[in-house]
Amino acid sequence: MENLDWGALGFDYRKTDFNARFYYRDGKWSDMEICDSEYINMHMSAACLHYGLELFEGLKAFRGKDGKVRLFRVKDNALRMQSSARRLCLPVPTVDMFVDACCEVVRRNERFIPPYGTGASLYLRPLLIGTNAVLGVKAATEAMLVIFASPVGAYFKEGLKPISVIIDREQDRAAPRGTGDVKVGGNYASSILSGSHAHERGYSNVLYLDTVERKFIEECGAANFFGIRDGKYITPKSGSILPSITNKSLRVLAADLGLEVEERPVSIEELSTFSECGACGTAAVISPIGKIVDMQTDDVYDYGTEVGEYSQKMFNTLQDIQYGRAEDKYGWCTVVE
Ligand SMILES: Cc1ncc(COP(=O)(O)O)c(C=O)c1O
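Each step along the sequence shown adds one to the number in numbering that gives the first Met the number 0, with nothing skipped, and position 4 is 3.
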């Protein structure tokens, strides 16, 4: 195993040994190629560089308590990549290509899978780009799927800690019927300015509102939002929210805890009624939200400095499944032999 200070890892790129690549040319995908270079040789007029024909995924492999390595819900990431590819008119990889390559990248970079007990994991970044040379805006005829890995640290190193977020109406993340519901680079590019404004003001993240009425909650940074109230797990539904695989899993775990699950438009007026709320995604599983400040109205929603009971329970159960400490009764994990 690589000699790294696993406990000190953050969320930064770190070179590993191999990545997997597929090329789409002449109407078909190549076989998987294993590559040891971190670089891509690409035409300066490649469609991904000019018109944002780029999309990606993010998922993690965990070294479990029993020594087995588990990839979490890899098939769901494959399906989400397919829907992103359809939206950008990029060639659609098959689920098998995606899943096989993720498993192979995990195997080939075994020495970078963090030891059990460090809270760290091996993050996989599948990336699909249009590569043919273009001047005009059109669908890509050639593409490349690359899957690489990087070890990353636990998001909260000393246990969950509530974050402060800001409602900022200055910039929008995604438009209705735009690309908010798929994982394309453009969504993230357009969120950087509001994210940096939030950081300058001392907040961890931005709570985005719908862009028509600016009344309904969409997402919290690069994560979905949920609130808990009166025995209910409530999470926003909208055509411009990325369907989070963590949120999908939490909805199941919430129901197991006896919570009623509601997926529907959630108005900002409801913020004052939640007993706990949080952001959820692969990076942290759950980031409990301690405070939400509305920049325009100066309204402050305070949820306290303690982690909510349900947030903590759902976090623990999901991590127990990922690290092989609890039964994977829904078949979410793929054990990589
Ligand atoms: C915009 C956005 N929303 C939500 C999520 C959470 O999705 P997942 O739980 O599949 O990681 C992500 C990615 O992590 C994201 O980028």
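Glycine included, C-beta positions come from ideal geometry on N, C-alpha and C.
Does ligand 1 have even one heavy atom less than 8 Å from the beta-carbon of residue i?
{"i": "Ser-243", "result": "yes"}
{"i": "Gly-280", "result": "yes"}
{"i": "Lys-27", "result": "no"}
{"i": "Asn-204", "result": "no"}
{"i": "Lys-67", "result": "no"}
{"i": "Gly-57", "result": "yes"}
{"i": "Ala-222", "result": "yes"}
{"i": "Arg-79", "result": "yes"}
{"i": "Tyr-122", "result": "no"}
{"i": "Lys-290", "result": "no"}
{"i": "Lys-182", "result": "yes"}
{"i": "Asn-76", "result": "yes"}
{"i": "Glu-218", "result": "yes"}
{"i": "Tyr-22", "result": "no"}
{"i": "Tyr-187", "result": "yes"}
{"i": "Asn-2", "result": "no"}
I need the boundaries of the alpha helix (DSSP H) containing residue i, first residue and last residue.
{"i": "Thr-316", "result": "308-321"}
{"i": "Ser-243", "result": "Looking at the DSSP string, Ser-243 is not in any alpha helix (DSSP H), and its letter there is neither H nor E."}
{"i": "Asp-99", "result": "94-107"}
{"i": "Glu-299", "result": "Glu is not the amino acid found at residue 299; the sequence shown has Val there. Careful: Val-299 lies outside any alpha helix (DSSP H), inside the beta strand (DSSP E) at 299-301."}
{"i": "Ile-39", "result": "From DSSP, Ile-39 is part of no alpha helix (DSSP H); its letter is neither H nor E."}
{"i": "Tyr-50", "result": "46-50"}
Looking at the unbroken beta strand (DSSP E) that takes in residue i, where does it start and where does it end?
{"i": "Glu-218", "result": "216-219"}
{"i": "Ile-33", "result": "32-34"}
{"i": "Gly-226", "result": "223-228"}
{"i": "Asn-18", "result": "18-24"}
{"i": "Leu-54", "result": "53-55"}
{"i": "Ala-7", "result": "Premise fails: Ala-7 is in no beta strand (DSSP E) and is neither H nor E."}
{"i": "Val-73", "result": "Not the beta strand (DSSP E): Val-73 falls in the alpha helix (DSSP H), residues 73-86."}
{"i": "Ala-60", "result": "58-62"}
Shorter than 8 Å, the distance from the beta carbon of residue i to the closest heavy atom of ligand 2, or not?
{"i": "Ile-240", "result": "This structure does not include ligand 2; its bound ligands are ligand 1."}
Taking the runs of the alpha helix (DSSP H) that are 4 residues or longer, which of them lie wholly in the region 109-147? Counting only runs of 4 or more, we get nothing.
Meets three-Cβ-pair contact criterion under 8 Å: the region 289-300 and the region 231-251: These segments do not touch.
Using a Cβ distance threshold of 8 Å, determine whether the region 52-71 contacts the region 114-129, with at least three qualifying pairs required. At 8 Å Cβ cutoff, the stretches touch.
Length at least 4, wholly inside the region 231-289: the alpha helix (DSSP H) runs in chain order: You should have 244-255.
Below 8 Å, how does it come out for the region 17-27 and the region 94-109: are there three or more Cβ pairs, yes or no? A contact exists between the region 17-27 and the region 94-109.
Would you call the region 155-173 and the region 99-116 touching, i.e. three or more CB-CB distances under 8 Å? No, they do not touch.
Specify whether the region 305-313 and the region 267-277 touch according to this definition: at least 3 beta carbon pairs, one from each stretch, less than 8 Å apart. For the pair of segments examined, the region 305-313 was found to touch the region 267-277: the number of CB pairs separated by less than 8 Å reaches three.
At least three beta-carbon pairs within less than 8 Å, the region 250-260 to the region 165-173: With a cut-off of 8 Å, the region 165-173 and the region 250-260 do not count as touching, because too few Cβ pairs lie within range.
Touch check for the region 38-47 and the region 132-143: three-plus C-beta pairs under 8 Å? The region 38-47 is in contact with the region 132-143.
For the region 319-329 against the region 264-272, are there 3 or more C-beta pairs whose distance is under 8 Å? By the criterion of at least three beta-carbon pairs nearer than 8 Å, the region 319-329 is not in contact with the region 264-272.
How do the region 125-132 and the region 51-59 stand: do at least 3 beta-carbon pairs fall below 8 Å, yes or no? By the Cβ test, the region 125-132 is in contact with the region 51-59, since at least three Cβ pairs between them sit closer than 8 Å.
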